[in-house]
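Visitor:
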Amino acid sequence: MADDSLTILYRRYGPYIYARCARLLDDRAAAEDATQETFMRVHRHLQKAPDPNEALAWIYRIATNYCLNEIRNRKLRPQAAPGGPDGLDGLEHTGESLETVLANRDAVARLVRRSSEKLRAPAWLHYVDGFDQGEVARVLGISRRSVVNRLSEFVDNARKFLARSPS
Amino acid sequence: MTTSHLSALTLDALALGALDRDREAEVQAHLASCTACRGAHDAAAALREHFTLRVLPRGLQARRRPRWVWLAVPALAAVLLAVLWPHPAQPELSDLGVKGTASWQVFANRSGHTFAVHDGTELAAGDRIRFIVVPGGARYLLVASVDGRGAVTIYYPYEGSQSAPINGERFELTGSIVLDAAPGPERIYALLSDEPITADAVRTPLRQVAGGGAVAIRGTYSLPVPVRAQISLVFEKVAP
Chain G
119 MADDSLTILY RRYGPYIYAR CARLLDDRAA AEDATQETFM RVHRHLQKAP DPNEALAWIY
179 RIATNYCLNE IRNRKLRPQA APGGPDGLDG LEHTGESLET VLANRDAVAR LVRRSSEKLR
239 APAWLHYVDG FDQGEVARVL GISRRSVVNR LSEFVDNARK FLARSPS
Chain L
533 MTTSHLSALT LDALALGALD RDREAEVQAH LASCTACRGA HDAAAALREH FTLRVLPRGL
593 QARRRPRWVW LAVPALAAVL LAVLWPHPAQ PELSDLGVKG TASWQVFANR SGHTFAVHDG
653 TELAAGDRIR FIVVPGGARY LLVASVDGRG AVTIYYPYEG SQSAPINGER FELTGSIVLD
713 AAPGPERIYA LLSDEPITAD AVRTPLRQVA GGGAVAIRGT YSLPVPVRAQ ISLVFEKVAP
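As they're listed, the protein sequences go chains G and L.
172 is the number that the numbering used here gives to position 54 of the first sequence; each next residue is one higher, with no gaps.
679 is the number that the numbering used here gives to position 147 of the second sequence; each next residue is one higher, with no gaps.
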């Protein structure tokens, strides 16, 4: 792709990639690096995506996966999550219902960190970003049934974690 | 929060102009009544603005490509900036033109106050202008201008070599233009086409207009460029 085309794409979509990464990482310096990395991964898709909605779906898919991996690998704290070394202190046996915990963005972010790679992106998009199941399916390029199953598995895991005894 | 509020994806689609008219109206209505979503909307806009103003120039300069040096040259007539002011009330499509007919609306912002720009509107250095274009079915857009000092500028895609693809019934350019102090008339042309046109094909007739001075700038409503549609508007830059 010509540099001019790259520049146009970067100007048009860079702000959206950056905003996405900054929200995920809660760290502007890290978001700058993540934006560059995400753009390098996504630009070929953007070039082929005449529909901005499709372009946004690619941006969200790639940026979300990249940043959640960064959070896992670098121990970055997502969205001002409090807690101890794993950011989970206080979630167990709080007496709050699962529904209450799942409505708490920070609490979900902490639970997402300890989830498997398969569950992280759907759980974050649905419970933290507020996507409906159709949006999650579209962004991740998976079926709605898969979204339902993965969210259900995430909830089951969360329920088990919240019920466990503090160590 | 999964059902009662707008998702980040929806808010980004709104900012990109990627929502259809009905959905956009729904989202705007929700934003008008939901403090939380309006906060999320504003926070996302602030992040995008930060990227455009602070991060993007560094990223482009880091590529060390001569064609990108313009970002560091203060003498240029204008600098592309993020949208820095709240969105004005979005005009209905009928205000802009019927489907199939290309049209546009130009807004200016001065010290936080946003107003529509029409032929003959007086603007000043530092005013920021931005555009909403109804392509009328055209697939590519190039916006260029000639000002009172004879300077020719490609505004969209900024300093690009050819017109850029556009989508949707209404296309809002993501950046704004900060006006410099060149006095007198400045005419801006939107050239809509089915295939890309080169910037050079537009610069040449614009320079001819510049050669005719203020009278030619005020009186040249279209350029001899084979495109699907052209729109132009002239404003007058005066001392603030």
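Note that beta-carbon positions come from the ideal geometry of N, C-alpha and C, so glycine has one too.
Just so we're clear, the structure is a prediction, and the values are computed from it rather than from any experiment.
Fully enclosed by the stretch 253 to 284 of chain G, which beta strand (DSSP E) runs are 3 residues long or longer?
Guide: Complete beta strand (DSSP E) runs here, min 3: none at all.
Visitor: Closer than 9 Å, Cβ to any Cβ of chain G: which residues of the stretch 536 to 547 of chain L, in chain order?
Guide: Correct list: S536, H537, L538, S539, A540, L541, T542, D544, A545 and A547.
Visitor: Between the stretch 549 to 568 of chain L and chain G, which residues of the former have CB atoms less than 9 Å from a CB of the latter, in chain order?
Guide: Flagged, chain order: G549, A550 and L551.
Visitor: Rounded to the nearest angstrom, what separates L:D775 and L:A683 at their Cα positions?
Guide: It is not possible to answer for residue 775 of chain L, since the shown part of chain L is limited to 533 through 772.
Visitor: Which value, in whole angstroms, describes the spacing of the CA atoms of L:G644 and L:F663?
Guide: Taking the first residue of the second sequence as position 1, residue 644 of chain L is located at position 112. Taking the first residue of the second sequence as position 1, residue 663 of chain L is located at position 131. L:G644 and L:F663: Cα-Cα distance of roughly 17 Å.
Visitor: Would you say the stretch 141 to 155 of chain G touches the stretch 177 to 190 of chain G, given that touching needs at least three Cβ pairs under 8 Å?
Guide: Result yes; three or more Cβ-Cβ pairs closer than 8 Å.
Visitor: Indicate the three-state DSSP secondary structure (helix, strand or coil) for L:R761 in the structure shown.
Guide: By 1-based counting over the second sequence, the position of residue 761 of chain L is 229. Before going further, note that residue 761 of chain L is Ala rather than Arg in the sequence given. Reduced to three states, the DSSP call for L:A761 is strand.
Visitor: So for L:S565, helix, strand or coil by DSSP?
Guide: Position 33 of the second sequence holds residue 565 of chain L. Of the three classes helix, strand and coil, the one that applies to L:S565 here is helix, per DSSP.
Visitor: Comparing alpha-carbon positions, which option in G:I135, G:P133, G:D145 and G:L164 lies nearest L:P697?
Guide: Here residue 697 of chain L refers to the residue found at position 165 of the second sequence. Ranking the options by Cα distance to L:P697, first place goes to G:L164.
Visitor: What are the residues that DSSP puts in a beta bridge with G:N183?
Guide: Along the first sequence, one-based indexing puts residue 183 of chain G at 65. None, per the DSSP bridge assignment.
Visitor: I want to see whether chain L comes within less than 8 Å of G:V266, judged by CB atoms only; does it?
Guide: Position 148 of the first sequence, counted from the first residue, corresponds to residue 266 of chain G. So, not an interface residue.
Visitor: Might you give, ordered along the chain, the residues of its own chain that have their beta carbon closer than 6 Å to the beta carbon of G:T87, omitting 5 neighbours on each side?
Guide: Residue numbering for chain G in the displayed model covers 119 to 285; residue 87 of chain G lies beyond these limits and cannot be assessed.
Visitor: L:R760 to G:H244, Cα distance in whole Å?
Guide: Translated into positions along the second sequence, residue 760 of chain L becomes position 228. Translated into positions along the first sequence, residue 244 of chain G becomes position 126. If you take the alpha carbons of L:R760 and G:H244, they lie about 43 Å apart.
Visitor: With L:R660 and L:G549 assumed to form a contact (beta carbons below 8 Å), what rounded beta-carbon distance in angstroms separates them?
Guide: Working through the second sequence from its first residue, we reach residue 660 of chain L at position 128. Working through the second sequence from its first residue, we reach residue 549 of chain L at position 17. About 18 Å separates the two Cβ atoms, so there is no contact after all.
Visitor: If the cut-off is 8 Å on Cβ atoms, which residues from the stretch 248 to 263 of chain G count as contacting chain L, listed in chain order?
Guide: Listed by position, the residues of the stretch 248 to 263 of chain G near chain L (Cβ gap below 8 Å) are G248, F249, D250, E253 and V257.
Visitor: I need the straight-line Cα distance from G:Q251 to G:R159, nearest angstrom please.
Guide: Counting from one through the first sequence, the residue named residue 251 of chain G turns up at place 133. Counting from one through the first sequence, the residue named residue 159 of chain G turns up at place 41. G:Q251 and G:R159: Cα-Cα distance of roughly 25 Å.
Visitor: Select from L:L551, L:S708 and L:F767 the residue whose C-alpha is nearest the C-alpha of L:T653.
Guide: Numbered from its first residue, the second sequence carries residue 653 of chain L at position 121. Measuring from the Cα of L:T653, the nearest candidate turns out to be L:F767.
Visitor: Could you give the C-beta distance for L:F583 and G:P133, rounded to a whole number, given that I count them as a contact under 8 Å?
Guide: Residue numbering aside, residue 583 of chain L sits at position 51 when the second sequence is read from its first letter. Residue numbering aside, residue 133 of chain G sits at position 15 when the first sequence is read from its first letter. Between G:P133 and L:F583 the Cβ distance is about 4 Å, and since that is below 8 Å, they are a contact.
Visitor: Closer than 7 Å by beta-carbon distance: list the chain L residues that pair up with G:Q171, in chain order.
Guide: What you label residue 171 of chain G is simply residue 53 of the first sequence in a count that begins at 1. Checking the sequence, you will find Asn at residue 171 of chain G rather than Gln. Near G:N171 (Cβ distances below 7 Å), the residues of chain L are A545 and A550.
Visitor: For G:A167, which residues from the same chain have a beta carbon less than 6 Å from its beta carbon, with the 5 sequence-adjacent residues on both sides left out?
Guide: Mapped onto the first sequence, residue 167 of chain G falls at position 49. A173.
Visitor: Note down, in chain order, each residue of its chain lying with its Cβ closer than 6 Å to the Cβ of L:A604, except the 5 sequence neighbours on either side.
Guide: If you number the second sequence from 1, residue 604 of chain L lands on position 72. Interpretation of L:A604 is limited by its pLDDT of 31, a score under 50 that renders its predicted location unreliable; no figure is taken from the coordinates.
Visitor: Per the DSSP calculation, L:K769 is bridged to which residue(s)?
Guide: Locating residue 769 of chain L in the second sequence gives position 237, where the first residue counts as 1. BP columns for L:K769 point to L:L655 and L:G716.
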